[in-house]
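Position 193 of the sequence shown, counted from 1, bears residue number 193 in full-length UniProt numbering, the numbering being contiguous throughout.
Beta carbons: idealized from backbone N, C-alpha and C, even for Gly.
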Amino acid sequence: MSEILPHLVYLHGFLSSPDSKKARETGDWLAERGLGAKFHCPVLPPVPLQVAELLRGLYQELKGAPVFVVGSSLGGFYATWFAEEFGCHAVLINPAVRPYELLKDYIGPQRNYQTGEIQVVEPGFADDLRTLERKPSRPDRYWVLLQTGDETLDYRDAADFYAGSRLSVMEGGDHSFVGYADWLPQIWAFARSNSSQGA
């Protein structure tokens, strides 16, 4: 019986886009192996509840096959919601923990790092994020990649929040996660060995 390869959903970070370096590296890596159709990287809107609605729709489109999610920074927060909502496995890259506590520093107009588009961050987004927060019910479904040199988020917060999950903590690096592309073979292997619906 032939293997059913998973769909890989990549969720970009705050004020980022599918054109981010890690998103492009992930898509290119899969495309080079003839797996471009398995890669999905939606544009995440700034409104958290709209993100949830978008991801529910995407999952409905993909659910005939295994689905696996990778998320970076705020995308890691959303990836946790996705994994809990749909029972899939996830790799989280320097994920944001309790992002509603950090939002106060970004209220108002903000420029998207990738597109230059101005996005308005509303105070009410914090309550939306609280609504979407999920504690891992099955820590074994998660692999969390952290770098201690993250200048935006304290890696220890994620290490504590995802205690019991597979954790890979590297000295140095930064919030972008230096050397991410080198991890893609292992990430894909994790996806292939663990992706299933409701597993």
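Query, Result
"Assigned exposure category for Gly-198 - 16 Cβ within 10 Å defines buried", "With a pLDDT of 40 at Gly-198, under the threshold of 50, the predicted position of this residue should be treated as unreliable, though the coordinate-derived value follows. It counts as exposed."
"Cβ-based burial, Arg-56 [other Cβ within 10 Å; buried from 16]", "exposed"
"Whole runs of the beta strand (DSSP E) within the region 61-108, excluding any shorter than 3 residues", "67-72 and 90-93"
"Given Thr-131 as reference, the closest of Leu-15, Cys-41, Pro-66 and Pro-48 once Cα atoms are compared", "Pro-48"
"Closest Cα partner of Trp-188 within the set Gly-13, Leu-74, Lys-38 and Pro-45", "Lys-38"
"Trp-29 to Leu-184 span [Cα, whole Å]", "8 Å"
"The alpha helix (DSSP H) enclosing Leu-30, as first and last residue numbers", "21-32"
"Stretch-stretch touch, CB-based, cutoff 8 Å, three pairs: the region 104-118 with the region 158-169", "no"
"Alpha-carbon to alpha-carbon, Tyr-100 and Phe-125", "8 Å"
"Alpha-carbon spacing of Trp-143 relative to Gly-116, whole angstroms", "32 Å"
"Beta-carbon gap between Ser-73 and Ala-96 smaller than 7 Å", "yes"
"Beta-carbon proximity of Leu-145 to Ser-168, cut-off 7 Å", "yes"
"Where Tyr-155 falls: helix, strand or coil (DSSP)", "helix"
"Residues bridged to Ser-168 [DSSP beta-bridge criterion]", "Leu-145"
"Length of the line joining the Cα atoms of Ile-118 and Gln-50", "17 Å"
"Rounded C-alpha distance that separates Leu-15 from Val-121", "10 Å"
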